[in-house]
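Structure follows, in structure tokens:
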């Protein structure tokens, strides 16, 4: 069966946060979009903890650190616009992060965070006990008051709702391959799906851990895309947690609006999504060491997700030789934080590709400009 009669300007492969956010921006600009994904409920987006913590996990690369800080600054506005388009609420809060670091390194780390643009408050042992009575630690900590968290499942639901309300078309089937075929004397992309070939002017591959099957052998060898399994617990503790808690090199605790907390996460490279006894044991041991009262917490949920890692851990944007197929990969631990900003960059790149193909568009992207783009590492 040919889908040529419904030939859309843009096909997005992958219904996670990056694919949906890019599709949403394109739809707002009047671009017709078809999204190919068999089951959005299995997206890694729904397995995330939703941390908006660029400084608690500050990367060594200054460009990446700047991109993460910029993404945090625009997040509340992104959620506000998305929720309005979707007609549903998205829980987001900025209570700050209590960063637990070795006492001998606390001043130096605080200075480094300030140099990166973070607001930093030093907490001595007494101030830490007042801020988070659940924690049982001898030393102090660093408070990053501007950090927060978003509910990733509500965010994903809102993206799906906005996509539908703005007229996006969702094909619940697998994308099997992306190929270039001549059309009108010019090579154009075709997505081979379980329902037949789907022609497009531009294709975005945002399949996360599934990206390897759409890359050529040279790209796979160079970028080495692979999944990293992460297990997370949701607990109902005897007392509420007020802040995110992040132990440098260890676990994190994320408070939820219903009083529960998320405890995460393991990181096992190359592993499929599964929950293991060892992973759960490791999380519980570290959580109860930081907060002994969690030994009395009820376990509400346990799950596992696969985070997409590529190359040295930085996001990558691969454009094929035709200039009309883009592969976005490697958001890894920062997918929830970075995807809204990356999606703006991607939407701009896609609309420029549409301009080259001669497709007319009703208008430009809302609020976007070349200066607002965050640069990917391009290959």
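Residue numbers (my numbering): 29 to 407. The beta carbon of each residue, even a glycine, is placed where N, CA and C say it ideally should be. Keep in mind that this is a model prediction, so the values were computed, not measured.
- A contact between stretches requires three or more CB pairs, one per stretch, nearer than 8 Å, and the segment 196-207 meets this requirement with the segment 64-79.
- By the criterion of at least three beta-carbon pairs nearer than 8 Å, the segment 48-61 is in contact with the segment 371-386.
- Excluding five sequence positions before and after residue 276, the CB atoms of its chain that fall closer than 6 Å to its own CB belong to 129, given in chain order.
- Straight through space, the alpha carbons of residue 351 and residue 183 are spaced by roughly 31 Å.
- Under DSSP, residue 333 forms a beta bridge with 258.
- Contact between the segment 114-131 and the segment 171-183 is present: 3 or more CB-CB pairs across the two stretches fall below 8 Å.
- Taken in chain order, the complete alpha helix (DSSP H) segments of 4 or more residues contained in the segment 172-222 are 180-193.
- For residue 103, the enclosing alpha helix (DSSP H) stretches over residues 103-114.
- Note that the segment 74-87 touches the segment 140-153; at least 3 beta-carbon pairs, one per stretch, sit closer than 8 Å.
- Following the DSSP letters along the chain, one finds residue 47 inside the alpha helix (DSSP H) bounded by residues 45-56.
- In chain order, 164 place their CB closer than 7 Å to the CB of residue 320, counting only its own chain and leaving out the 5 sequence neighbours on each side.
- The segment 230-244 and the segment 351-366 touch, with no fewer than 3 CB-CB distances between them shorter than 8 Å.
- Between residue 41 and residue 230, the C-beta spacing is not below 8 Å.
- When secondary structure is reduced to three states using DSSP, residue 352 falls in the coil class, being assigned neither helix nor strand.
- Per DSSP, residue 233 is not a residue of any alpha helix (DSSP H); the beta strand (DSSP E) it occupies stretches across 230-233.
- The beta carbon of residue 149 sits closer than 6 Å to those of 171, all from its chain and outside the five residues before and after it, given in chain order.
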